[in-house]
Amino acid sequence: EKHISIQRQLADLEKLADLNEAEKKPCPLCPEEKFKACYNHKLHRHLQNLHWKISVEFEGYRMCICHLPCRLIKPNVVGDQTFSKMGAHYHCIICSATITRRTDMIGHINRHVNKGETESRFITAPAPKSSHEVLKESDADVQVHPNYSTPQKTDSYFNPKMKLNRQLIFCALAVLCEERKPIECLDAFGATGIMGLQWAKHLRSSVKVTINDCNENSVMMIRENCHLNKMKVIPKTKEDNTDEAIEDGEENIGTIEVTKMDANVIMHLRSFDFIHLDPFGTSVNYLDAAFRNVRNLGIVSLTSTDISSLYAKAQHVALRHYGCNIVRTEYYKELAARIVIAAVARAAARCNKGIEVLLAVALEHFVLVVVRVLRGPSPADDSAKKIKYLIHCQWCEERVFQGGSNMVEENPYQQLPCDCHGSMPGKTAVVLGPLWSGALFNTGFLRRMLLETVQYGLEETQPLLKTLICEAECTTSKQFSIHVSAEENKQVAICLVVYSKLSGFIALFCGPGKRKSNEAIRNATKRPKFENSSEHPAFYYNIHRHSIKGMNMPKLNKFLSYLSEAGYRVSRTHFDPMGVRTNAPLAQFKTILVKYSTPTYTGGQAEGTVHLTEDLQVGDHFQAAVDDKAGDGEILEDDRSGVTATITKDCSTPCAAD
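Read in the UniProt record's numbering, the sequence shown has 485 at position 485, and its numbers run on one by one without any break.
#1: How far does the beta strand (DSSP E) with residue 475 in it extend, from its first residue to its last?
#2: When the Cβ atoms of the stretch 314 to 334 are set against those of the stretch 532 to 551, are three or more pairs found closer than 8 Å?
#3: Is residue 178 helix, strand or coil when you go by DSSP?
#4: With 8 Å set as the bound, which would you pick, yes or no: does the beta-carbon of residue 104 sit closer than that to a beta-carbon of chain C?
#5: Give the range of the beta strand (DSSP E) segment to which residue 369 is assigned.
#6: Would DSSP call residue 273 helix, strand or coil?
#7: Any idea if residue 664 is buried or exposed, counting beta-carbon neighbours within 10 angstroms, 16 or more meaning buried?
#8: For residue 33, I'd like the list of residues in its chain whose CB is within less than 6 Å of its CB, leaving aside the five on either flank, ordered along the chain.
#9: With DSSP as the reference, label residue 395 as helix, strand or coil.
#10: I'd like the list of long-range same chain contacts for residue 449, defined as Cβ closer than 7 Å, with 5 residues on each side in sequence excluded.
#11: Quick one: using the 10 Å Cβ neighbour count with 16 as the cut-off for buried, is residue 598 buried or exposed?
#12: Roughly how many angstroms lie between the CA atoms of residue 357 and residue 439, to the nearest whole one?
#13: What are the residues that DSSP puts in a beta bridge with residue 62?
#14: Using the Cβ count rule (16 or more neighbours within 10 Å means buried), how would you classify residue 162?
#15: Go through its chain and collect everything with a Cβ distance to residue 468's Cβ below 8 Å, but skip five positions before and after it.
#16: Going residue by residue through the stretch 185 to 231, where are the continuous beta strand (DSSP E) segments of at least 3 residues, counting only ones entirely within it?
#17: Hey, could you find the ends of the beta strand (DSSP E) residue 587 is sitting in?
#18: For residue 111, does the count of other Cβ atoms within 10 angstroms reach 16, so buried, or fall short, so exposed?
#19: Could you tell me the distance, in whole angstroms, from the CA atom of residue 148 to the CA atom of residue 221?
#20: I need the DSSP call for residue 565, collapsed to helix, strand or coil.
#21: Start and end of the alpha helix (DSSP H) containing residue 341?
#22: Smallest Cα separation from residue 379: which of 354, 52, 581 and 35?
#23: If you run the structure through DSSP and keep just helix, strand and coil, what is residue 102?
#24: Could you say which of 146, 206 and 257 lies nearest to residue 193 if we only look at CA atoms?
#25: Could you tell me which residues DSSP pairs with residue 143 in its beta bridges?
#26: Do residue 537 and residue 470 have their C-beta atoms within less than 8 Å of each other?
#27: Sorted by chain position, which residues of the same chain lie with C-beta nearer than 6 Å to residue 3's C-beta, five sequence neighbours on each side aside?
#28: Under 8 Å, do residue 340 and residue 370 count as touching if we go by C-beta distance?
#29: Is residue 2 helix, strand or coil by DSSP?
#30: Report the three-state DSSP secondary structure of residue 401 (helix, strand or coil).
#31: What do you get for residue 686, buried or exposed, if any count of 16 or more other CB atoms within 10 angstroms of its CB means buried?
#32: So, is residue 25 buried or exposed, given that buried needs 16 or more other C-beta atoms within 10 angstroms?
#33: Is the number of C-beta pairs between the stretch 208 to 228 and the stretch 185 to 192 that are closer than 8 Å three or more?
#34: For a test of the three-state rule: what should DSSP assign to residue 449, helix, strand or coil?
#35: By how many angstroms is the C-alpha of residue 402 removed from the C-alpha of residue 411?
#36: Out of curiosity, what's the CA-to-CA distance linking residue 13 and residue 260?
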């Protein structure tokens, strides 16, 4: 039976005290030494103001505060006497625990709700509604807890904002399925199992999906979600055949293996073609295990959500996790992607493997990196050589990777294109890194991903992939072309399969010492030109950060065409909506930006004096005109900027410009 302090209405609490009888009655929730027996009107006020008013409500019931000797407080020893004091407390309607404070009781009830424990052991009422909520994403249904978006309070975390991330990973896996099938893929941190369910539901027999999680509650929910989507769960042992069958009359769409173990353990025990890591926070603790047994030409994708450290908000955490020194810059998102790739490259090199970066995306909530694994010491050495330090000027935001020489330079500032160190006092630059200095995208792989989005109807991902392709080729959207023939796509898959098999054949018959023969086969089975990673310019410039005060910048697309007409490679970037990726130096970038900017004052006489600086590059023309031929009241006009000014004898500074 439930405790007497748990009631539905105040009248039910008054019935316990028998207020109808005209005699003194004690309080049913207080001992006699605390509250003596009294008449009805006084007892009514006591029950209402003390017990009922500060009660905790849950599903129509009120848990009133109780002063009965249900919970003993630690006795106090005064002299030779011991006093045991009774404390006020609440009785939990779900688990019968006693809680002293009202705020703690509310938090205690909320924790029960977050875990789905809403059925009281005392209430014999009709069963409450299911605490699970069913969500649908990409034709996959998943059961989640009511507060599925708060990972601190639930065992299975589901974030709807990561839908774009899941679709990108699915497209990468679909491209890998075109190269070889079937492939074994692992979702190391399943949570609700949504990602593995989408893989198995759309790719069917092309993949053998394994969903892993170390939490028992998450594993149970993954099994339930598999049955909800008509998936057959493969038993771990022959004896473990219980709870795996689907209802009679229903056909299973596919099979999924669900495991419960640490992610590092399962990646050490088994080999996979495709591994995805999505822990809560950083992924560096699982990189060594991921590259230990991943197959040659397989793919490893990882999602890092520790954006506070990667985006330079917690620099000490970035130094602790990634061994990287960073500061907040205008290109901090690309900096974060290069930090993660550098950690991936070092982990792969420790396993004698190299990487080819296929995709690197850094958005508001996550950093996604997808790499292809190239087995062998030579690819490992090539990848390790691309990890360099970056010199960043804190005055003008110019940046350059340090040279590959191991010799100590007398003046490292000479590597920077700017001359801020000579004109500014003190130290003007910092060294950031180590960072990945290679390409962030593989154009051919991105184009094949875009074809997969069209095939599976993933329209939300197509704009991002088009931007990534333009960024990889460093071209504008006007020059973008989606066409990749099916014959070229098939040729890429054949080359990859041939390279994989021939590499294993040589390793088997020629032994580990025949590196030259292995390299010869690798060169003979090179992928087509469009599949290789194009060396796009590193980093980007934010057009707002380098704008001139008092001048209207040109539209971003027009500014891209101006840079292109000047002979520079240029494209937009997904890292920053106002960012421009170009191989133009920062000084030339600012020159073209100023050249096509217009003054904010248009039409009519401007108020006050307009001071033109050297940055506008029109002051020199006005000064020359003043020295040579300017007279009193004469109006001068600059041909390039369209700025006009009236010159007076009293002041040689251009003024009253429009």
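Yeah, the Cβ is synthetic: ideal placement off N, Cα and C, and Gly gets one too.
According to the data block:
#1: Here residue 475 refers to the residue found at position 475 of the sequence shown. DSSP places residue 475 outside any beta strand (DSSP E), giving it a letter other than H or E.
#2: yes
#3: Position 178 of the sequence shown, counting from 1, holds the residue named residue 178. Three-state result, residue 178: helix.
#4: Looking at the structure shown, chain C is missing, and only one protein chain is on hand.
#5: Translated into the one-based positions of the sequence shown, residue 369 becomes position 369. First-last of the beta strand (DSSP E) with residue 369: 367 to 375.
#6: Counting from 1 along the sequence shown, the entry for residue 273 is found at position 273. Residue 273: strand per DSSP, three-state reduction.
#7: Not covered by the structure: residue 664. The range shown for the chain is 1 to 658.
#8: The residue given as residue 33 occupies position 33 in the sequence shown. Non-local C-beta neighbours of residue 33 in its own chain, meaning closer than 6 Å and more than five positions away in sequence, are absent.
#9: As a working mapping, residue 395 is identified with position 395 in the sequence shown. Shown here, residue 395 sits in coil according to DSSP, grouped into three states, outside any helix or strand.
#10: On the sequence shown, residue 449 is found 449 positions in, with the first residue counted as 1. These residues qualify, in order along the chain: 171, 172, 175 and 465.
#11: Taking the sequence shown and counting its residues from 1, one reaches residue 598 at position 598. Label assigned to residue 598: exposed.
#12: For the purposes of this step, residue 357 is taken as residue 357 along the sequence shown, with counting starting at 1. For the purposes of this step, residue 439 is taken as residue 439 along the sequence shown, with counting starting at 1. Distance between the alpha carbons of residue 357 and residue 439 is about 7 Å.
#13: The residue you call residue 62 lines up with position 62 of the sequence shown. DSSP, once it has assigned bridges, lists 7 and 57 as partnering residue 62.
#14: For the purposes of this step, residue 162 is identified with residue 162 of the sequence shown, where counting begins at 1. The residue is buried, with at least 16 neighbouring Cβ atoms inside 10 Å.
#15: The sequence position of residue 468 within the sequence shown is 468, counting from 1. Contacts found: 359, 361, 441, 446 and 574.
#16: 207 to 212
#17: As a first step, residue 587 must be located in the sequence shown, where it is residue number 587. No beta strand (DSSP E) holds residue 587; the alpha helix (DSSP H) holding it covers 586 to 595.
#18: For the purposes of this step, residue 111 is identified with residue 111 of the sequence shown, where counting begins at 1. By the 10 Å Cβ count, residue 111 comes out exposed.
#19: Numbered from its first residue, the sequence shown carries residue 148 at position 148. Numbered from its first residue, the sequence shown carries residue 221 at position 221. So the two alpha carbons sit approximately 12 Å from each other.
#20: For the purposes of this step, residue 565 is taken as residue 565 along the sequence shown, with counting starting at 1. Note: residue 565 maps to helix in three-state DSSP.
#21: On the sequence shown, residue 341 is found 341 positions in, with the first residue counted as 1. Counting along the chain, the alpha helix (DSSP H) containing residue 341 begins and ends at 332 to 350.
#22: Here residue 379 refers to the residue found at position 379 when the sequence shown is read from its first residue. Per the Cα distances, 354.
#23: Indexing the sequence shown from 1 puts residue 102 at position 102. Here residue 102 carries a helix assignment [DSSP, helix/strand/coil].
#24: Mapped onto the sequence shown, residue 193 falls at position 193. The shortest Cα separation from residue 193 among 146, 206 and 257 belongs to 257.
#25: Position 143 of the sequence shown, counted from the start, is the residue given in the question as residue 143. According to DSSP, residue 143 bridges with 134.
#26: Position 537 of the sequence shown, counting from 1, holds the residue named residue 537. Position 470 of the sequence shown, counting from 1, holds the residue named residue 470. Cβ atoms of residue 537 and residue 470: not closer than 8 Å.
#27: Here residue 3 refers to the residue found at position 3 of the sequence shown. Closer than 6 Å at Cβ, skipping near neighbours: 91.
#28: Sequence index remark: in the sequence shown, residue 340 carries index 340 (1-based). Sequence index remark: in the sequence shown, residue 370 carries index 370 (1-based). Contact flag unset, no.
#29: Sequence index remark: in the sequence shown, residue 2 carries index 2 (1-based). Residue 2 falls in the coil class under three-state DSSP.
#30: Your numbering for residue 401 matches position 401 in the sequence shown. Correct three-state label for residue 401: strand.
#31: Residue 686 lies beyond the range of the chain shown here (1 to 658); nothing can be said about it.
#32: Within the sequence shown, numbered from 1, the residue matching residue 25 stands at position 25. Label assigned to residue 25: buried.
#33: yes
#34: Stepping through the sequence shown from its first residue, residue 449 is reached at position 449. DSSP places residue 449 in helix when its eight states are reduced to three.
#35: Here residue 411 is taken as the residue at index 411 of the sequence shown, counted from 1. Here residue 402 is taken as the residue at index 402 of the sequence shown, counted from 1. Near 12 Å, if we compare the C-alpha coordinates of residue 402 and residue 411.
#36: Position 13 of the sequence shown, counting from 1, holds the residue named residue 13. Position 260 of the sequence shown, counting from 1, holds the residue named residue 260. Going by C-alpha positions, residue 13 is about 48 Å away from residue 260.
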